[in-house]
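K.L.:
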Amino acid sequence: MKDVILVENVWKIFGRTVALRNVSIKVSKGSVFLLMGPNGSGKSTLLKIITGLIKPNRGHVEIFGTNPWKERHKIFAYVGAMFEDHAPPDWASGKAYLEYKSMLKKAENPEKEALAVAKPFGVDTFWKHPFYTYSSGMKRKLALADAFINDPDLVILDDPTVALDKEARLALQEIVVNRAKQNKTCVIASHIITEFEHHATHLAFLNLGQTIITGKVEEVMDKMGIRQVTIKTNKPRKAAAILMKKGYAIKVYGNTIIVEGSEDANEIVKLLENLGIKAKTEEPQVNLWEMYTKALTSG
Amino acid sequence: MFLKVLKWELLAGKRFYLAFLLYFLILFSLGKYIQDIQNVEWKTPDDYYIQSLTPGSMIDIYWKASDVWWFSFPVVIAYAVFTFSYELDKKILRTYLLSCVKKRTLFLAKLLSIQLGLFIPLIISLLIVYPLGDPILFGSNPLEVYVNLPRRLLLFVSMLYIMIGISAFSSIVFKNPLYAFAAPIAVVYTLNIAGLRVVSEYVPPQCYPVISLGSIGLVTSERFFSSLSMALPAVIASTIALIIAYIIFIRRDVV
Numbered sequence: 001m002k003d004v005i006l007v008e009n010v011w012k013i014f015g016r017t018v019a020l021r022n023v024s025i026k027v028s029k030g031s032v033f034l035l036m037g038p039n040g041s042g043k044s045t046l047l048k049i050i051t052g053l054i055k056p057n058r059g060h061v062e063i064f065g066t067n068p069w070k071e072r073h074k075i076f077a078y079v080g081a082m083f084e085d086h087a088p089p090d091w092a093s094g095k096a097y098l099e100y101k102s103m104l105k106k107a108e109n110p111e112k113e114a115l116a117v118a119k120p121f122g123v124d125t126f127w128k129h130p131f132y133t134y135s136s137g138m139k140r141k142l143a144l145a146d147a148f149i150n151d152p153d154l155v156i157l158d159d160p161t162v163a164l165d166k167e168a169r170l171a172l173q174e175i176v177v178n179r180a181k182q183n184k185t186c187v188i189a190s191h192i193i194t195e196f197e198h199h200a201t202h203l204a205f206l207n208l209g210q211t212i213i214t215g216k217v218e219e220v221m222d223k224m225g226i227r228q229v230t231i232k233t234n235k236p237r238k239a240a241a242i243l244m245k246k247g248y249a250i251k252v253y254g255n256t257i258i259v260e261g262s263e264d265a266n267e268i269v270k271l272l273e274n275l276g277i278k279a280k281t282e283e284p285q286v287n288l289w290e291m292y293t294k295a296l297t298s299g
Numbered sequence: 001m002f003l004k005v006l007k008w009e010l011l012a013g014k015r016f017y018l019a020f021l022l023y024f025l026i027l028f029s030l031g032k033y034i035q036d037i038q039n040v041e042w043k044t045p046d047d048y049y050i051q052s053l054t055p056g057s058m059i060d061i062y063w064k065a066s067d068v069w070w071f072s073f074p075v076v077i078a079y080a081v082f083t084f085s086y087e088l089d090k091k092i093l094r095t096y097l098l099s100c101v102k103k104r105t106l107f108l109a110k111l112l113s114i115q116l117g118l119f120i121p122l123i124i125s126l127l128i129v130y131p132l133g134d135p136i137l138f139g140s141n142p143l144e145v146y147v148n149l150p151r152r153l154l155l156f157v158s159m160l161y162i163m164i165g166i167s168a169f170s171s172i173v174f175k176n177p178l179y180a181f182a183a184p185i186a187v188v189y190t191l192n193i194a195g196l197r198v199v200s201e202y203v204p205p206q207c208y209p210v211i212s213l214g215s216i217g218l219v220t221s222e223r224f225f226s227s228l229s230m231a232l233p234a235v236i237a238s239t240i241a242l243i244i245a246y247i248i249f250i251r252r253d254v255v
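First to last, the sequence lines map onto chains G and A. Residue numbers for the first sequence follow the numbering used here, so the first one is 1 and each next one is one higher. Residue numbers for the second sequence follow the numbering used here, so the first one is 1 and each next one is one higher.
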């Protein structure tokens, strides 16, 4: 896959604070890239460098082969982005603001485009209300709608689900999944991600301004020594009891059992079937939170 | 793109025009209107005569330069600082910049919109105030009421330009709006205390406090160019301030 974003050895220093230290990541076309890290780990700074809002002190950054600091206005014809403290002018209505932003992003029909991006998040409900009357959730929805103007090839979202209601989270999840099917790229940064856990194709963990680990999800799991087998069974309780008795570390989610520390799925299936329990292996499920915790604690 | 951004800056959701129209109307209405025909001495090296002036020509004579200046500059500076500090606040700025708009376009559109945002209410208020000051003359010869209006407006524009230049510079250098507001005010006061009255003395030229020495009402070419030349250092200083502000703005991170 071709790299949509290339960040090599980037440093950013604010006064005496080193926000990013020698950070390198690659984002491939069509990937759902999760950028995770605790507060202050440098996620937002990195995304602002990628979107050309901040100039790095050292290092090389490319987005679609272009230097974002120099050519920001060009790349936003096919890039959308939102940051956590999105702030249109208070007096602007959702309608006026999205139409203006559509125009700034060179949409063919700004009015039509504004409405099209507003609908999935329900922003059209408060279409003509000024921004200062919006709740924090509505502000976030407006920011999300803004990011998807012109159906960009790359969308960069910084903490997108904060303050969002369930419907909006699902809408966002659906959009991200559909975009991935269309080979469109999505970069999502957060310190807590659950919605995209099972859709992520690539990961990067940041801590204290450094990349702890990055790559494809499977690669990251391998690098971190995470081995697990996912089994689906019709008798999860009984199966869980047997596996625990055999000394396996397990987690049960409905009819799914995740057996940790094991790579041999066939052996486990065989074990259960010999005891009269129907079982089959499934694609390994990513427990992002666990990986994240492990990455941070292992340094 | 520039025109579209400027249109948004000028029109979308703004209520400043009304506020400034009201402000200028009140400001100008503080001038003393003269109800009768005045006889004024004209003295030149070659000539001396007494001319009768109608109130229309006299309207602005008694608006003292210092009054207009002292009343205008804190408001204009506050507005310009507010616009630069608030609407080019990093959050809002970032929101705009996540698009195809260039920083340069945004800066220039904002600057022009501030100038126009003040100038449009100013010209409207003058167009209202002058006929109100002399309805009889306005009825008989409207153009006489607006005598030398373009020249007056040009001098006003340069006054606004000076104040906006200082304000834009201050807003971009100081991140705290309070400092951004206080700094240009302090500069203006210091300039005046130091006797550098070029900023405040020249505008508006029709408002010289000593009537008999001025050209009274009519902004003659001599007065006009004299006023402009007096304003020139401040206009140049303002331009330099704007260029520095622009460079800082273009190079600065939008954190």
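Every residue, glycine too, gets a C-beta built ideally from N, C-alpha and C. The structure presented is a predicted model; accordingly, all values stated were derived computationally and were not measured.
Cβ atoms of A/VAL76 and A/LEU6: under 8 Å apart, would you say?
P.N.:
Here residue 6 of chain A refers to the residue found at position 6 when the second sequence is read from its first residue. Here residue 76 of chain A refers to the residue found at position 76 when the second sequence is read from its first residue. No, Cβ-Cβ distance for A/LEU6 and A/VAL76 is not below 8 Å.
K.L.:
In whole angstroms, give me the CA-to-CA distance for G/ILE212 and G/LEU98.
P.N.:
The count along the first sequence starts at 1 and reaches residue 212 of chain G at position 212. The count along the first sequence starts at 1 and reaches residue 98 of chain G at position 98. Taking the straight line joining both Cα atoms gives about 37 Å.
K.L.:
A/LYS175 versus chain G: which residues are under 7 Å apart at the beta carbon?
P.N.:
One-based indexing of the second sequence puts residue 175 of chain A at position 175. Here the premise fails: no neighbours, minimum Cβ distance about 13 Å.
K.L.:
Rank A/LEU98, A/SER227, A/TYR17 by C-alpha distance to the C-alpha of G/LEU157 and give the top, closest one.
P.N.:
For the purposes of this step, residue 157 of chain G is taken as the residue at position 157 of the first sequence. Residue A/LEU98 is the option with its Cα nearest to G/LEU157.
K.L.:
Got a sec: is the Cβ-Cβ distance from G/THR51 to anything in chain A below 8 Å?
P.N.:
Sequence index remark: in the first sequence, residue 51 of chain G carries index 51 (1-based). Answer yes: the Cβ-Cβ gap between G/THR51 and chain A drops below 8 Å somewhere.
K.L.:
Return the residues of the stretch 140-171 of chain A that lie within a Cβ-Cβ distance of less than 9 Å from chain G, sorted by chain order.
P.N.:
Here the close residues number zero.
K.L.:
Look up A/PRO45 in the DSSP assignment and say whether it is helix, strand or coil.
P.N.:
The count along the second sequence starts at 1 and reaches residue 45 of chain A at position 45. It is coil, neither helix nor strand.
K.L.:
Using a threshold of 8 Å, state whether the C-beta atoms of G/ILE268 and G/GLU260 are closer than that.
P.N.:
For the purposes of this step, residue 268 of chain G is identified with residue 268 of the first sequence, where counting begins at 1. For the purposes of this step, residue 260 of chain G is identified with residue 260 of the first sequence, where counting begins at 1. No; because the gap between Cβ atoms is not below 8 Å, this pair is not in contact.
K.L.:
Use the C-beta contact count for G/ASP153: other C-beta atoms within 10 angstroms, 16 or more gives buried, fewer gives exposed.
P.N.:
Here residue 153 of chain G corresponds to residue number 153 of the first sequence, with the count starting at 1. Classification of G/ASP153: buried, given that the 10 Å Cβ count is 16 or more.
K.L.:
What separation, rounded to the nearest whole angstrom, lies between the Cα atoms of G/VAL61 and G/GLU273?
P.N.:
Taking the first residue of the first sequence as position 1, residue 61 of chain G is located at position 61. Taking the first residue of the first sequence as position 1, residue 273 of chain G is located at position 273. Each residue's alpha carbon lies about 53 Å from the other.
K.L.:
Which residue marks the beginning of the beta strand (DSSP E) containing G/GLY215, and which one marks its end?
P.N.:
Along the first sequence, one-based indexing puts residue 215 of chain G at 215. Its beta strand (DSSP E) spans residues 210-216.
K.L.:
Determine the closest residue to A/ILE243 out of A/ILE164, A/TYR130, A/TRP8, A/LEU116, with distance taken between C-alpha atoms.
P.N.:
For this step, residue 243 of chain A is matched to residue 243 along the second sequence. When each option's Cα is compared against that of A/ILE243, the closest is A/ILE164.
K.L.:
In angstroms with no decimal places, state the Cα-to-Cα distance between G/ALA354 and G/ASP222.
P.N.:
Only positions 1 to 299 of chain G appear in the structure, and residue 354 of chain G is not among them; the question remains open.
K.L.:
What did DSSP end up calling G/ILE257 once you bin it into helix, strand or coil?
P.N.:
Residue 257 of chain G sits at position 257 when you count from the first residue of the first sequence. It is a strand residue.
K.L.:
On the criterion of 16 or more Cβ atoms from any shown chain inside 10 Å, does G/GLY225 qualify as buried, or is it exposed?
P.N.:
To locate residue 225 of chain G, count along the first sequence from 1; it is residue 225. G/GLY225 should be labelled exposed.
K.L.:
What residue range is occupied by the uninterrupted alpha helix (DSSP H) comprising G/GLN173?
P.N.:
One-based indexing of the first sequence puts residue 173 of chain G at position 173. Here the alpha helix (DSSP H) through G/GLN173 covers 166-181.
K.L.:
Return the residues of the stretch 91-123 of chain G that lie within a Cβ-Cβ distance of less than 7 Å from chain A, sorted by chain order.
P.N.:
Going along the stretch 91-123 of chain G in chain order, one finds TRP91, ALA92, ALA96, TYR100, LYS101, MET103, LEU104, LYS105, LYS106 with a Cβ nearer than 7 Å to chain A.
K.L.:
At what residues does the alpha helix (DSSP H) containing A/PHE2 begin and finish?
P.N.:
Taking the second sequence and counting its residues from 1, one reaches residue 2 of chain A at position 2. Unbroken alpha helix (DSSP H) run through A/PHE2: 2-11.
K.L.:
Out of G/ILE257, G/THR230, G/TRP127, G/ALA118, which has the shortest C-alpha to C-alpha gap to G/SER93?
P.N.:
For the purposes of this step, residue 93 of chain G is identified with residue 93 of the first sequence, where counting begins at 1. Taking only the C-alpha atoms, the option nearest G/SER93 is G/TRP127.
K.L.:
Check whether the stretch 198-206 of chain G touches the stretch 12-31 of chain G, taking contact to mean three or more Cβ pairs, one atom from each stretch, closer than 8 Å.
P.N.:
The stretch 198-206 of chain G is in contact with the stretch 12-31 of chain G.
K.L.:
Output needed for G/GLU8: all residues of its chain with C-beta closer than 7 Å, excluding positions within five of it in sequence on either side, in chain order.
P.N.:
As a working note, residue 8 of chain G is residue 8 in the first sequence. Around G/GLU8: SER24, GLY59, HIS60.
K.L.:
Please classify A/ALA80 as buried or exposed, where buried requires at least 16 other C-beta atoms within 10 Å of its C-beta.
P.N.:
As a first step, residue 80 of chain A must be located in the second sequence, where it is residue number 80. Classification of A/ALA80: buried, given that the 10 Å Cβ count is 16 or more.
K.L.:
Would you say A/VAL254 faces chain G, with C-beta separation under 8 Å as the test?
P.N.:
Locating residue 254 of chain A in the second sequence gives position 254, counting from the first residue. Taking Cβ atoms only, chain G reaches closer than 8 Å to A/VAL254, which makes this a yes.
K.L.:
Please list, in chain order, the chain A residues whose beta carbon lies closer than 9 Å to that of G/LYS48.
P.N.:
For the purposes of this step, residue 48 of chain G is identified with residue 48 of the first sequence, where counting begins at 1. ARG94, ASP253, VAL254, VAL255, listed in chain order.
K.L.:
Based on DSSP bridge pairs, tell me the residues matched to G/CYS186.
P.N.:
Here residue 186 of chain G refers to the residue found at position 186 when the first sequence is read from its first residue. Answer is G/VAL32, G/VAL155, bridged to G/CYS186.
K.L.:
Which complete beta strand (DSSP E) runs does the stretch 31-75 of chain G hold, if anything under 3 residues is left out?
P.N.:
For the stretch 31-75 of chain G, whole beta strand (DSSP E) runs of length 3 or above, ordered along the chain, are 32-36, 58-63.
K.L.:
Shorter than 8 Å from the beta carbon of A/VAL101 to some beta carbon of chain G?
P.N.:
Walking along the second sequence from the start, residue 101 of chain A turns up at place 101. Judged by the 8 Å Cβ criterion, A/VAL101 is in contact with chain G.
K.L.:
Any chance the stretch 225-244 of chain A sits against the stretch 168-182 of chain A, with 3 or more Cβ pairs inside 8 Å?
P.N.:
Short answer: they touch.
K.L.:
May I ask which residues mark the beginning and end of the alpha helix (DSSP H) holding A/LEU97?
P.N.:
Position 97 of the second sequence, counted from the start, is the residue given in the question as residue 97 of chain A. Run containing A/LEU97: 90-97, per the alpha helix (DSSP H) assignment.
K.L.:
Please classify G/LYS2: does DSSP put it in a helix, a strand, or coil?
P.N.:
As a first step, residue 2 of chain G is located in the first sequence; it is residue number 2 there, counting from the start. Looking at G/LYS2 - three-state DSSP - the assignment turns out to be coil, as it is neither helix nor strand.
K.L.:
Closest Cβ-Cβ distance between G/LYS55 and chain A: below 8 Å?
P.N.:
The residue you call residue 55 of chain G lines up with position 55 of the first sequence. Interface residue, yes.
K.L.:
If you draw a straight line from the C-alpha of A/LYS4 to the C-alpha of G/ILE231, how long is it?
P.N.:
Locating residue 4 of chain A in the second sequence gives position 4, where the first residue counts as 1. Locating residue 231 of chain G in the first sequence gives position 231, where the first residue counts as 1. The alpha-carbon atoms of A/LYS4 and G/ILE231 are separated by roughly 58 Å.
K.L.:
Helix, strand or coil for G/LEU206? Go by DSSP, reduced to three states.
P.N.:
Translated into the one-based positions of the first sequence, residue 206 of chain G becomes position 206. In the structure shown, G/LEU206 sits in a strand (DSSP, three-state: E or B).
K.L.:
Does the Cβ of A/ASP256 have 16 or more other Cβ atoms within 10 Å, making it buried, or fewer, making it exposed?
P.N.:
Look at the range of chain A in this structure, 1 to 255, and you will see that residue 256 of chain A is not part of it.
K.L.:
Should the stretch 118-137 of chain G be called in touch with the stretch 42-49 of chain G, which here means at least 3 C-beta pairs below 8 Å?
P.N.:
Taking 8 Å as the limit for Cβ pairs, the verdict is that the stretch 42-49 of chain G does not touch the stretch 118-137 of chain G.
K.L.:
Which same chain residues end up closer than 7 Å to A/ALA245 when comparing Cβ atoms and leaving out the 5 residues on each side of it in sequence?
P.N.:
For this step, residue 245 of chain A is matched to residue 245 along the second sequence. So the qualifying residues of the chain are ALA168, PHE169, ILE172.
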